[in-house]
Each structure stands twice: as structure tokens, then as C-alpha cells.
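Numbering (my numbering), first residue to last: 1 to 495.
Here a beta-carbon is modelled for each residue, glycine too, at the ideal position from N, C-alpha and C.
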């Protein structure tokens, strides 16, 4: 029997499989495509995702391949309206790492292989049971079918998710009216934006955005208007790209050597619940939105990290099954926030009314002249401020916030081969007694807290679960007991 079956081997499915395998969970990862992504697709990995990769043990491989970008610019009419920088992001990774999705998938697949798990390609999931210890029907390339017993199924199979469709979950939202042009090209000339900067040119006809790509390339993205359904838009050409450079970016540089030219349309959709029984959704299967901010893939990979440690603790008998009930409310709230923020950025950039455009540009020049606003923009993009204040796992003042890496006092929580909460307590003797009562939940040795007046329990993904006073040991006991026995088992005593 397979402990967990994952459908879809993009960045989200690969992250999910690697994390579960790292925790010793038996996993199969299938994908109906014959090969991995060959285009650049999602381009940026942000600070919080890189921090979580530290726990996974694969950050360095990405740093070796990616291109660090240290800032952004917003321009209009030949003037710079603002120049946010990423250097003040409160993370060791205070930059945006530009890396094509094909490389992200290649590196994640190599990381997965280090746990002796391979992607099973040309394998399609054609049916499943939602029950515990249910079955899934897999169809192979030769047409043969295989029945797989698996208690847990995870759909990471993208915007057209088979898992979501078979659950009959509403994917609520809409498609934006404009078509967009995307081109991966080389840009040369004195007017080209710096190679370590994401440049946005606001123009009366629509935005023009340049993203650096490793290897001296760049991606350009711009709106090209609405399509008449009776006259399909022809594929874009290099001349189309150059015309847009000249019109919207003021010229001064030329595009050449295209490797990918396409049109796309922005969809903004999301499911309400990411879980139904023993079936979960993650990534684009659960939420899709504007690429503004570059947070789609990051949000999906963080979905995977969030679910993997919880599912591993349940499969391993360390925690009660209701721990999994925190996944959907936590990640659905994040999905709502990302959808809202990306939509606002897109709406701002695509204003068509000349008076509204002029007011926007004046407001941006003023606001981006304020250091606090620039920092806030960079921090929001980095995702380091994502928090789970409303989660059922968050108890006490400040609970749900990211536990600052500088306060760890040891390796990051969750960096080992077993998912464990970490107790931070000034009273080492009482702390050791508590960890002894919950060996399945807690790292064996308590750590010193940054504030001796506090008692803290930090989750395996580095978020604060419990925040209590230094003498509130009963609160800590109840918190852990709730995790361990939430479904009537004594998971807190698993080894």
C-alpha cells in the first residue's frame, strides 16, 4: 500500500513528494505528461520559500543556478516613479531568485531522487475513492490500468486539476478580459533595464514588464488588448515585441534570439476548501491568479510544505488526524490574500482612463518616495510576513507568526529527518520533563527562548504555535495533548 499518492509532478507535487519522503513516508508521484516542463514558466523564488528550502536541504542547489535580483523599478514616460530594493527584507535571502521553472523542476526532481523516489511519467489518475484506505485507478501509457490502495491522495495537478474536477469542487472566479504577450528574449542596448532589477513600465496603452533570467536573457510581459472571439489572435513575433519596447518602454534597446513567444490570459480562481476527507488540493489545483508579484509557484510550494509535515506526523502516528484540519484554513487564507494582492497590482497597472493613470502615477511617485512604503512592498513580495494568526494551531499572543531564523538557537525547526515541534523554555528541567511526555511531538531537547519570560512551542515549518508565559506549563500541556490525542489516539507517545 502507498501511504500517499500525489498527482502532478510540477514544483508543488515535487516539493510535496520530497518533503514526505524526507520524513520517511511512502509516496508515489505520478504525472500524465511524458516529460518535465521545458519552458521557463514561473520565474521567481522568494525569500520565504528559500527559507523553507533550508529545512528541505536543497537551497544551495538553487542558489548555484539562479540569478539574485536585488530590486525593482516602476517607470512612466521616461521617469522613474519608484525604485524598491530588497536588501532590507528581514531574511538571509533578501533578494528575488530568478530561475526558470524547468530548472526548478529539474533540481527538485534530483532532490527527490536523493530519497530514492522517481517521478512516474505517462501515468494518469482516472478515478479514486475518497474513503480512508481507498483506491485510485491509474492508467499507464500502454493503456493498462492499476488499482492502488492509498489512504491519502493529493492533487497537485494544476489549473485543470482532475482531482478537483472529480471532487466536483467549485473553482470560483473569473478570467480577465485582456490578452497578454510573453516573450523570453535577449535585450541589448543602453536603454535596457539593469540585469538585477525587475522593471515595470507604465504606459497609457498598458504595462510592459521585464524580468531578468539567468544566462543573459529576460522575459517581457505586456497587455495586448482584448481578443475578438471570431478572429483568433495570431502567434506573437519578435517584431511585435520590438514594437512594444519602442512604444511603451521608450526604445533604446532591442530584443533578439527569442526562445519562447506566446499569448496568455489571466485567470483568478480559487476553491473554498483545500481538503475533502482524505483528499487534498495544493498549488494551481486550488488557486490561480495574476502573475503580478510572482507569487503563484511560491504559494503552491508553501502549500506543500505546510501539508507535508502535518500529514507525515499523522501517517507516522505522532499526532491525531485532526491536525490536518488546520491545512485548509491556513492555506486558504493565504490564497485569498495572494489573490487579492495580485489582482490589485494588475488592476493598478492596467488602468485605461487617462485621468486615473495620471492620479496613479502621482500617487506612486509620492508613496514610493517613502522608505517605509518601499520596504513594505518588498516585504509583501518576499512572503516573510505570511502568518497563521487565525489557525486552530495558533494559541497565545503573536502565535502564528514566522519564528525569526535569528532566534532559533539551533538548526531550523523541521530540518531533521523527523517532523517535530520545538519547545523553547527557560526552565530546562521542566522543559525536559515535558518533552519526555510527548516524544512523538517534541524535539527531545528544549531550547533556550529569546525571551526568558516566555514559553514557546514552534511548529516544524518555523511558525509559532503556542506563545505563553514562562510559568504557563498547563497551557503547554493542554496544547500538546490536543495535538497528540485529537482523534482519540496517544500519538504524543509515538517514537
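DSSP-derived helix/strand/coil call for residue i
i, result
"residue 267", "strand"
"residue 199", "strand"
"residue 496", "Nothing about residue 496 can be read from this structure; the chain reaches only from 1 to 495."
"residue 500", "What the structure shows of the chain is the stretch from 1 to 495, and residue 500 is not part of that stretch, so it cannot be assessed."
"residue 328", "helix"
"residue 489", "Per-residue confidence for residue 489 stands at a pLDDT of 37, beneath the threshold of 50, marking its modelled position as unreliable; no derived number is given."
"residue 214", "coil"
"residue 318", "coil"
"residue 81", "strand"
"residue 512", "Because the chain in this structure spans residues 1 to 495, residue 512 falls outside the shown range and cannot be described."
"residue 117", "coil"
"residue 280", "strand"
"residue 456", "strand"
"residue 205", "coil"
"residue 394", "coil"
"residue 5", "strand"
"residue 31", "strand"
"residue 93", "coil"
"residue 352", "coil"
"residue 494", "Interpretation of residue 494 is limited by its pLDDT of 38, a score under 50 that renders its predicted location unreliable; the figure taken from the coordinates is listed afterwards. Three-state result, residue 494: coil."
"residue 524", "No answer is possible for residue 524: the residues shown for the chain start at 1 and end at 495."
"residue 287", "strand"
"residue 25", "coil"
"residue 87", "coil"
"residue 347", "helix"
"residue 166", "helix"
"residue 235", "coil"
"residue 368", "coil"
Pairwise C-alpha distance: residue j and residue i
i, j, result
"residue 308", "residue 21", "9 Å"
"residue 82", "residue 201", "11 Å"
"residue 407", "residue 417", "21 Å"
"residue 287", "residue 48", "19 Å"
"residue 462", "residue 109", "24 Å"
"residue 181", "residue 236", "7 Å"
"residue 328", "residue 233", "39 Å"
"residue 460", "residue 33", "33 Å"
"residue 148", "residue 57", "30 Å"
"residue 195", "residue 216", "8 Å"
"residue 12", "residue 453", "39 Å"
"residue 539", "residue 450", "Since the first residue shown for the chain is 1 and the last is 495, residue 539 is missing from the structure and cannot be characterised."
"residue 158", "residue 255", "31 Å"
"residue 348", "residue 361", "10 Å"
"residue 240", "residue 14", "36 Å"
"residue 342", "residue 169", "23 Å"
"residue 88", "residue 19", "30 Å"
"residue 507", "residue 466", "Outside the modelled stretch of the chain, which goes from 1 to 495, sits residue 507, for which no answer is possible."
"residue 41", "residue 284", "13 Å"
"residue 4", "residue 399", "30 Å"
"residue 388", "residue 414", "17 Å"
"residue 313", "residue 436", "17 Å"
"residue 112", "residue 129", "27 Å"
"residue 261", "residue 231", "19 Å"
First and last residue of the uninterrupted beta strand (DSSP E) at residue i
i, result
"residue 297", "Not the beta strand (DSSP E): residue 297 falls in the alpha helix (DSSP H), residues 296-315."
"residue 479", "Here residue 479 belongs to no beta strand (DSSP E); instead the alpha helix (DSSP H) covers 473-484."
"residue 161", "Here residue 161 belongs to no beta strand (DSSP E), and DSSP marks it neither H nor E."
"residue 127", "124-128"
"residue 451", "Element bounds for residue 451: n/a, residue is neither H nor E."
"residue 323", "Run containing residue 323: none; DSSP gives neither H nor E here."
"residue 189", "Note, residue 189: premise wrong, no beta strand (DSSP E); not H, not E."
"residue 422", "422-424"
Residues that DSSP places opposite residue i in a beta bridge
i, result
"residue 463", "402"
"residue 184", "219 and 260"
"residue 147", "137"
"residue 98", "44 and 67"
"residue 172", "270"
"residue 75", "80 and 201"
"residue 14", "Looking at the DSSP assignment, residue 14 forms no beta bridge with any residue, so it has no partner."
"residue 275", "280"
"residue 469", "454"
Endpoints, alpha helix (DSSP H) assigned at residue i
i, result
"residue 155", "No alpha helix (DSSP H) holds residue 155; the beta strand (DSSP E) holding it covers 152-155."
"residue 434", "428-437"
"residue 374", "371-382"
Touching by the beta-carbon criterion (3+ pairs, under 8 Å), the segment 251-268 and the segment 160-179: Touching, per the Cβ criterion.
Taking contact to mean at least 3 C-beta pairs separated by less than 8 Å, is the segment 64-84 in contact with the segment 370-380? Result yes; three or more Cβ-Cβ pairs closer than 8 Å.
Within 8 Å, do at least three Cβ pairs link the segment 414-429 to the segment 440-447? These segments touch.
Can you find at least 3 beta carbon pairs, one from the segment 206-223 and one from the segment 303-318, that sit closer than 8 Å? No, because fewer than three Cβ pairs between the segment 206-223 and the segment 303-318 fall closer than 8 Å, the two stretches do not touch.
Counting Cβ pairs closer than 8 Å, one from the segment 23-33 and one from the segment 331-345, do we hit at least three? No, the segment 23-33 does not touch the segment 331-345.
Three or more beta-carbon pairs under 8 Å between the segment 109-126 and the segment 135-143, yes or no? Segments in contact, yes.
Check whether the segment 245-262 and the segment 184-193 touch, using three or more Cβ-Cβ pairs below 8 Å as the test. The segment 184-193 and the segment 245-262 touch, with three or more beta-carbon pairs separated by less than 8 Å.
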